[in-house]
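So the numbering used here is basically just the index in the sequence shown, starting at one, shifted up by 3. Heads up, the beta-carbon is just placed ideally off N, CA and C, and yes, glycines get one too. Reading through the structure tokens given below for one structure.
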Amino acid sequence: MTNWISHVFENSLYLSVFTMGEIHKGIEKLPDGKKKNGLHRWINKDLKTRFSNRILDFDLHASEKWGELQGKAE
């Protein structure tokens with residue numbers, strides 16, 4: 004994964020709102036301190052800025068496709 008991502012142009016990558024939520028969840032589980040504060044700054048200032056137009060919403064159409072994929076996978 005590290006090798007692959009180092010060869011991909013960042014502007015061709017996208018994040019989902021679920022990914023952002025999972026990152027926030029992980030940060031909130033950390034004890035208060037420098038690491039937690041630094042990660043809050045990173046996601047709120049760096050990551051959101053870098054991916055500002057490339058954070059994908061989860062809408063009705065996406066939820067229908069997700070349900071289909073999950074149903075077939077189980």
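So, are the CB atoms of residue i and residue j less than 8 Å apart?
i   : j   : result
L59 : S15 : no
K37 : I30 : no
I26 : I8  : no
R44 : E13 : no
Classify residue i as helix, strand or coil using the three-state DSSP reduction.
i   : result
S55 : coil
L33 : coil
L18 : strand
H10 : coil
M23 : helix
E77 : coil
D49 : helix
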